[in-house]
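Visitor: This is the structure I have questions about; it appears just below.
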Amino acid sequence: MKKKSLILIFIIIIFLSSCSNSSAKYTQKYEDQFFAMGTVITQQLYYDDSQKVFEEVKKRFKDIENSMTINTPGSLVDNLNSKSGSGSFVKLNKDIIYVLSKAKNFASLSKGSFDVSVGPLVKAWGVFTDNPRIPNKNEIDKLKSLVDYNDIKLNEKSLSASLKRKNQIVDLGGIAKGYAGDEAIKIFKKHGITSAFVNLGGNVVTLGGKPDGSPWKVGIQNPRGPDGEYIAIVKVSGKTVVTSGDYERFFEKDGVRYHHIIDPTTGYPSKSGLISTTIVTSLSIDADALSTSTFVLGLEKGMALVKKMKDTEAIFITEDKKIYTTTGLKDKITITDDNNEYEYIK
Ligand code: AMP
Ligand code: MG
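Counting along the sequence shown from 1, when you hit position 249 you're at 1087 in our numbering, and nothing is skipped either side.
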């Protein structure tokens, strides 16, 4: 055999072996589950060194949780809250300042329907505690007056913030998981990963599509069905899918459901006529803030806000069991409501 053809055969062998290596590296699925931010988190990766990456994401999520929680005295956000009304700026960190500035932006876009200073009301209702209660009207009115995102003052340079009035409380429960989701994607990208899926208790983030190029299928919970019963499937690649619903956390008294999403204008759990809102977009922090915002805004105002946002789609479910979607989702959604419990408004 000539020297030239020998070289060619050699190159072909190297090429084929490198092809089989790369597919072996990325087609096996690795999965990890842990508990953080009050929910079960599942990561799915197609990457051989996934254990290392899982641990990095876990550590990042725990750090975010530890600095943003208001359930642990001494966390950075707790420090901010306990100094409210003192006039002093409290040293925070980059994560919190970014989340607070996003929160203020969505508060303004939603005209205060989304407002992370809703903390005093969230605390009074205690939906997350073992002793939830219905505060009386006087108490609600007093606490309601403490809610105003304009009182959150940020100093981005010194990474510090202050709350203008005493007893004001910031609660990042409506946006922090979205931020964590984006941070997971950042970590995956840093490792050169191209295909990943993370579920943070209903907040889904994806990187790319599945390794075969097909999109991920994300189930939308039936808001009045058992956990894990989906009424729709949405196909996405490289997008986040975040849902807010009145079924996620609630208590019932005398047949009335009191859930965890508070309407800052009434001080009561939101009664906008929506029982579930899902946002599909690129950044999970935006989706998280928007799903809570639109839940409070209701069908018409919520849809109007979504339409104003770039690259943003939505699925809204009303209490009279109608499903509404933005036009951009129509060819990506399959209704799987086998009992015909809901009406899909096309
Ligand atoms: P989500 O499940 O993302 O819709 O967020 C709900 C959580 O956000 C609640 O458990 C509260 O901690 C917080 N929250 C409740 N009402 C509001 C509101 N109107 N604006 C911002 N955060 C809220
Ligand atoms: Mg949210």
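Beta carbons are placed, not taken as given, at the ideal position from N, Cα and C, and that holds for glycine.
Computed from a prediction, not measured in an experiment: that's the story for all the values here.
Confirm, please, whether the CB-CB distance from Thr1130 to Phe952 is below 7 Å.
Guide: Yes, these two residues count as a Cβ contact at 7 Å.
Visitor: Please return the same chain residues whose Cβ sits closer than 8 Å to the Cβ of Glu994, not counting the five positions on each side in sequence.
Guide: Ile935 and Ser939.
Visitor: Can the beta-carbon of Ser1033 be found less than 7 Å from the beta-carbon of Gly1046?
Guide: Result yes, Cβ atoms of Ser1033 and Gly1046 sit closer than 7 Å.
Visitor: Just the C-alpha distance for Thr1081 and Glu1151, rounded to the nearest angstrom, thanks.
Guide: The alpha-carbon atoms of Thr1081 and Glu1151 are separated by roughly 12 Å.
Visitor: Any idea what DSSP makes of Tyr1085, helix, strand or coil?
Guide: If DSSP states are grouped into helix, strand and coil, Tyr1085 belongs with coil.
Visitor: Thinking just about the alpha-carbon of each residue, which of Lys1028, Val1056, Ser1110 and Gly1051 is nearest to the one in Gly1040?
Guide: Of Lys1028, Val1056, Ser1110 and Gly1051, the residue nearest in Cα terms is Val1056.
Visitor: Counting only the same chain and skipping the five closest in sequence on each side, list residues whose C-beta sits under 8 Å from that of Leu1137.
Guide: The answer, listed in chain order, is Ser1110, Gly1111, Leu1112, Phe1154, Thr1156 and Tyr1162.
Visitor: Under a three-way DSSP split, which group does Glu1157 fall into?
Guide: Note: Glu1157 maps to coil in three-state DSSP.
Visitor: Any heavy atom of ligand 1 closer than 6 Å to the Cβ of Ile1099?
Guide: Within the cutoff, so yes.
Visitor: For Thr1150, is the beta carbon positioned less than 6 Å from some heavy atom of ligand 2?
Guide: No, the beta carbon of Thr1150 sits no closer than 6 Å to any heavy atom of ligand 2.
Visitor: Starting from Tyr1096 and walking both ways along the beta strand (DSSP E), at which residues does that stretch end?
Guide: Here the beta strand (DSSP E) through Tyr1096 covers Val1094 to His1097.
Visitor: For ligand 2, list every residue whose C-beta falls under 7 Å from any of its heavy atoms, going in chain order.
Guide: Listed along the chain, these residues meet the criterion: Gly1012, Ile1013, Gly1016, Val1080, Ser1082, Asp1126, Ala1127, Ser1129 and Thr1130.
Visitor: So does Val954 have its beta carbon nearer than 6 Å to some heavy atom of ligand 1?
Guide: Checking the Cβ of Val954 against ligand 1 gives yes.
Visitor: Among the residues of its own chain, which have a CB less than 8 Å from the CB of Leu1121, if the five just before and after it don't count?
Guide: The answer, listed in chain order, is Gly1016, Asp1020 and Thr1078.
Visitor: Alpha carbon to alpha carbon, how far is Phe899 from Ser913? Give it in angstroms, no decimals.
Guide: Distance between the alpha carbons of Ser913 and Phe899 is about 14 Å.
Visitor: Is the number of C-beta pairs between the region 882 to 897 and the region 958 to 965 that are closer than 8 Å three or more?
Guide: No, because fewer than three Cβ pairs between the region 882 to 897 and the region 958 to 965 fall closer than 8 Å, the two stretches do not touch.
Visitor: Are the Cβ atoms of Ala1194 and Leu947 separated by less than 7 Å?
Guide: Because the chain spans 839 through 1184 in this model, residue 1194 falls outside it and cannot be assessed.
Visitor: Decide if His1098 is buried, meaning its Cβ has at least 16 other Cβ atoms within 10 Å, or exposed.
Guide: Flag for His1098 reads buried.
Visitor: In this structure, does DSSP put Thr1164 in helix, strand or coil?
Guide: If DSSP states are grouped into helix, strand and coil, Thr1164 belongs with coil.
Visitor: Where Asn919 and Asp989 are concerned, what is the direct C-alpha to C-alpha distance, given to the nearest angstrom?
Guide: When rounded, the distance between both Cα atoms is 12 Å.
Visitor: If I measure Cβ to Cβ from Glu1086 and keep anything under 6 Å in the same chain, skipping five residues before and after, which residues do I get?
Guide: For Glu1086, where only same-chain residues beyond five positions count, there are no Cβ hits under 6 Å.
Visitor: Less than 7 Å separating the beta-carbons of Ile1171 and Ala1070?
Guide: Result yes, Cβ atoms of Ile1171 and Ala1070 sit closer than 7 Å.
Visitor: Alpha carbons only, please: which of Val891, Lys1146 and Gly1051 is nearest the one belonging to Phe944?
Guide: When each option's Cα is compared against that of Phe944, the closest is Lys1146.
Visitor: Could you check what DSSP says for Asn788 in three-state terms: helix, strand or coil?
Guide: Because residue 788 is not part of the residues shown, which for the chain are 839 to 1184, the question remains open.
Visitor: In chain order, which alpha helix (DSSP H) runs of at least 4 residues are fully inside the region 948 to 1016?
Guide: Runs of the alpha helix (DSSP H) inside the region 948 to 1016: 957 to 963 and 975 to 982.
Visitor: Let me confirm a value: Asp1158 is counted as buried when at least 16 other C-beta atoms fall within 10 Å, else exposed. Which label applies?
Guide: The residue in question, Asp1158, is exposed, as its Cβ has fewer than 16 Cβ neighbours within 10 Å.
Visitor: Check whether the Cβ of Asp1065 sits closer than 6 Å to any heavy atom of ligand 1, and report yes or no.
Guide: No, the beta carbon of Asp1065 sits no closer than 6 Å to any heavy atom of ligand 1.
Visitor: Take Asn1037 and list the residues in its own chain whose beta-carbon comes closer than 6 Å to its own, dropping the five residues that flank it on each side.
Guide: So the qualifying residues of the chain are Thr880.
Visitor: Please report how far the alpha carbon of Ser922 lies from the alpha carbon of Gly1012, in whole angstroms.
Guide: Spanning the two alpha carbons is a distance of roughly 20 Å.
Visitor: Since I believe Ser955 is in contact with Val1008 (beta carbons under 8 Å), could you give me their beta-carbon distance rounded to a whole number of angstroms?
Guide: Right, their Cβ atoms sit about 6 Å apart.
Visitor: Got a sec, what are the start and stop residues for the alpha helix (DSSP H) Leu930 sits in?
Guide: Unbroken run through Leu930: none, as it is neither H nor E.
Visitor: Just to confirm my understanding: we take Phe1035, look at its own chain, exclude 5 residues before and 5 after, and list those with CB closer than 6 Å. What are they?
Guide: Within the same chain, Phe1035 has close Cβ partners Gln882, Thr1044 and Trp1054.
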